[in-house]
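Number of protein chains: 2
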Amino acid sequence: MAQKNANRPSVREENERLILEAAERIFAEHGFRGATTGQIAEEAGIPKANLHYYFPTKEALYRCVVERIFNIWLEAANSFDDCDDPVEALSSYISKKMDISRKYPMGSKVWANEILHRAPVIQDYLETILREWTDSRVAIIRRWITAGAIKPVDPEYLLYMIWSTTQHYADFNHQIDTLNGGKPLTDRQFENAKRTVTEIILRGIGAYDSRDNRADTRDPDSFE
Amino acid sequence: MAQKNANRPSVREENERLILEAAERIFAEHGFRGATTGQIAEEAGIPKANLHYYFPTKEALYRCVVERIFNIWLEAANSFDDCDDPVEALSSYISKKMDISRKYPMGSKVWANEILHRAPVIQDYLETILREWTDSRVAIIRRWITAGAIKPVDPEYLLYMIWSTTQHYADFNHQIDTLNGGKPLTDRQFENAKRTVTEIILRGIGAYDSRDNRADTRDPDSFE
DNA sequence: CGCCAACCTGACCAACTGGTCAAGTAACGA
DNA sequence: TCGTTACTTGACCAGTTGGTCAGGTTGGCG
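Protein sequences, first through last, are from chains A and B.
Under the numbering used here, the first residue of the first sequence carries the number 141, and numbering increases by one thereafter.
Under the numbering used here, the first residue of the second sequence carries the number 141, and numbering increases by one thereafter.
Next comes the structure, spelled out in structure tokens:
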């Protein structure tokens, strides 16, 4: 009685999927407070009372949406691990983050909204998972610097730069579209954006010509 | 009767200032929908009905806040004009944008919120003023490229990179603070961030060693 | 002092929103 | 066929919110 069986998931799974997809769109566009459960239900094509059958409260639904997003990001984050070469590791990471911004802009917007409003429901994620992830990547970047593979930069600020630059193409896509004549970037334009971002950052940290990096180590105590 | 005189502004001016400052804080933290006029009035220290005496609707108040922010940004934008040297011009622009992010993070957050929600009230700004400003700066960057002062990059994406990276320190300051052990960046840390950002971007576009730039002009039709 | 315009505010209201509930229907196993 | 569980939904409710309004108070001017 605790668990029925595995071949009876269809109705519940299907409805939860419909609701979560609708919720992601509505939350992304209007924020937590701005979204209404009625609107989400309408977008999902079900009555509001039915939505509350699957997700007891608006906040529970919101948490599910946020968790889903966070997991997508963590997957991309593994690009960092597999490889000792900063050019390859960072190119891959930036490329994946750009792809996520293009493919799942809603998720990025929900996240941005949450941080903007001081993370009322995901503060624990920031303090645990994100923090650990960041610390370990900072260590990797420090090793690259010690090895002379890149110039000495503050690793945290390099990470923030990568995050902000790539997520900008999701969070601010409305502004980008408007400046692009009201039309979304074409695939070709987006590839150019990705290449521009990647090249500026990699060249900016001296990853392309690692022979110069050790010589250029001025102001060594710029790290905290 | 149409206009009284100029020496009777004190009460109105003072109250409008109080309300606008409170509104900027509340709108930044909760978004348009999430903010309540009652909360703003309380923050300003006046009854709600009095707020509606000065600003007839919530949206009118919001527009005033947004306009105020936009004008601050336009001032910083002029750093771009004064100078033909990309190192000097971009350093100054990035520095000013970083300072604004630190000094007026609320304004940046209101703007971010607005774009995130598809700019329901500032779409006209995007299509006119911001568009013109962007076009003219793109032209300047193109001239730098033609002159060999920087490497060939797509100017739009360079601008987006500067915007996103600098504004990140306002919009995502809660995330940054959390990753910094729950404390805001010290002045010294912030100066390091500013220097890191500036150096990566300037080195990334080859502004420091302009002798190499013309040689590296591959893929010349990457511009649309 | 009287007048008038600007300013102030407690009380109020209509609209909306998250969430509940009771009365269903569908589906499946025995 | 019956019983049970999962699912569906229109109607409803209590709390909140933007905005109004009538009846004030204040302060300057003649």
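Idealized CB from N, CA, C, for every residue including glycine.
Excluding the five sequence neighbours on either side, which residues of its own chain have a C-beta within less than 6 Å of the C-beta of residue i, listed in chain order?
i: B/Val293; result: Ile345
i: A/Ile285; result: Pro292
i: B/Ala232; result: The sequence given here places Ser at residue 232 of chain B; Ala does not occur at that position. So the list reads Ser219, once near-sequence residues are dropped.
i: B/Trp213; result: none
i: A/Arg277; result: Phe220
The alpha helix (DSSP H) with residue i in it runs from where to where?
i: B/Phe167; result: 150-174
i: A/Asn211; result: 198-217
i: B/Val250; result: 245-256
i: B/Gly178; result: 177-184
i: A/Thr274; result: 271-286
i: B/Leu191; result: 188-194
Excluding the five sequence neighbours on either side, which residues of its own chain have a C-beta within less than 7 Å of the C-beta of residue i, listed in chain order?
i: A/Pro196; result: none
i: A/Phe167; result: Ala175, Tyr202, Val205, Val250
i: A/Ala163; result: Ile180, Leu201, Val205
i: B/Ala146; result: Any reading at B/Ala146 must be qualified, since the residue scores a pLDDT of 41, below 50, and its modelled position is unreliable; no value is offered.
i: A/Pro245; result: Ala310, Asn313
i: A/Ala229; result: Ser219, Phe220, Cys223
i: B/Pro324; result: Asp317
i: A/His170; result: none
i: B/Ala259; result: Leu266
i: B/Glu183; result: Ala162, Arg165, Ile166
i: A/Arg328; result: none
Which residues of chain A have a Cβ atom closer than 9 Å to the Cβ of residue i, listed in chain order?
i: B/Phe220; result: Per Cβ cutoff of 9 Å: no residues; B/Phe220 is ~16 Å from chain A at best.
i: B/Asp311; result: Ala252, Ile255, Leu256, Ser304, Asp311
i: B/His308; result: Tyr300, Met301, Trp303, Ser304, Thr305, Gln307, His308
i: B/Asn155; result: Near B/Asn155 there are no residues of chain A at all, since even the closest Cβ is about 27 Å away, more than 9 Å.
Closer than 7 Å by beta-carbon distance: list the chain B residues that pair up with residue i, in chain order.
i: A/His170; result: Arg173, His257
i: A/Ile345; result: Ile340
i: A/Lys249; result: Leu256
i: A/Gln315; result: Ile255, Leu266
i: A/Ala217; result: Chain B residues near A/Ala217: none, gap ~14 Å exceeds 7 Å.
i: A/Ala289; result: The premise fails here: A/Ala289 is roughly 15 Å from chain B at the closest Cβ pair, so nothing lies under 7 Å.
For residue i, return the contacting residues in chain A, with the cut-off set at a CB-CB distance below 7 Å.
i: B/Ala162; result: Here the premise fails: no neighbours, minimum Cβ distance about 17 Å.
i: B/Val137; result: Outside the displayed range of chain B (141 to 364) lies residue 137 of chain B, so it cannot be described from this structure.
i: B/Asn353; result: Here the premise fails: no neighbours, minimum Cβ distance about 11 Å.
i: B/Ala229; result: Ordered by position in chain A, no residue passes the 7 Å Cβ test against B/Ala229, which lies about 16 Å from the chain.
i: B/Ala181; result: Ordered by position in chain A, no residue passes the 7 Å Cβ test against B/Ala181, which lies about 18 Å from the chain.
Going along chain A in order, which residues have a C-beta closer than 8 Å to the C-beta of residue i?
i: B/Leu298; result: Thr336, Ile340
i: B/Ile281; result: Here the premise fails: no neighbours, minimum Cβ distance about 12 Å.
i: B/Asn211; result: Within 8 Å Cβ-Cβ: nothing; B/Asn211 doesn't reach chain A, min ~18 Å.
At a CB-CB cut-off below 8 Å, which residues of chain B make contact with residue i?
i: A/Leu319; result: Leu266, Leu270, Arg271, Thr274, Glu296
Any heavy atom of the ligand NAD closer than 7 Å to the beta-carbon of residue i?
i: B/Thr197; result: Ligands displayed in this structure: none; no statement on the ligand NAD is therefore possible.
Grab me the residues of residue i's own chain with a C-beta within less than 8 Å of its C-beta, minus the 5 sequence neighbours each way, in chain order.
i: A/Met301; result: Ile341
i: A/Ile290; result: Pro226, Ile281, Trp284, Ile345, Gly346, Ala347, Ser350, Asn353
i: A/Phe210; result: Trp251, Ile262, Tyr265, Ile269
i: A/Asn253; result: Phe167, Ala168, Gly171, Phe172
i: A/Pro360; result: Any reading at A/Pro360 needs caution, since the residue's pLDDT is 42, under 50, leaving its predicted position unreliable; the model's value is listed next. Here the set comprises Pro292.
i: A/Trp273; result: Leu214, Ala217
i: A/Ala257; result: This sequence places His at residue 257 of chain A; Ala is not what is there. Hits under 8 Å: Gly171, Phe172.
i: B/Lys337; result: One detail in the question is off: residue 337 of chain B reads as Val in this sequence, not Lys. Around B/Val337: Ile234, Met238, Thr305, Thr306.
In chain order, which alpha helix (DSSP H) runs of at least 4 residues are fully inside the stretch 290-323 of chain A?
-> Complete alpha helix (DSSP H) runs here, min 4: 295-311, 313-319.
Residue ranges of each alpha helix (DSSP H) run of no fewer than 4 residues wholly in the stretch 324-350 of chain A, ordered along the chain?
-> Runs found: 327-344.
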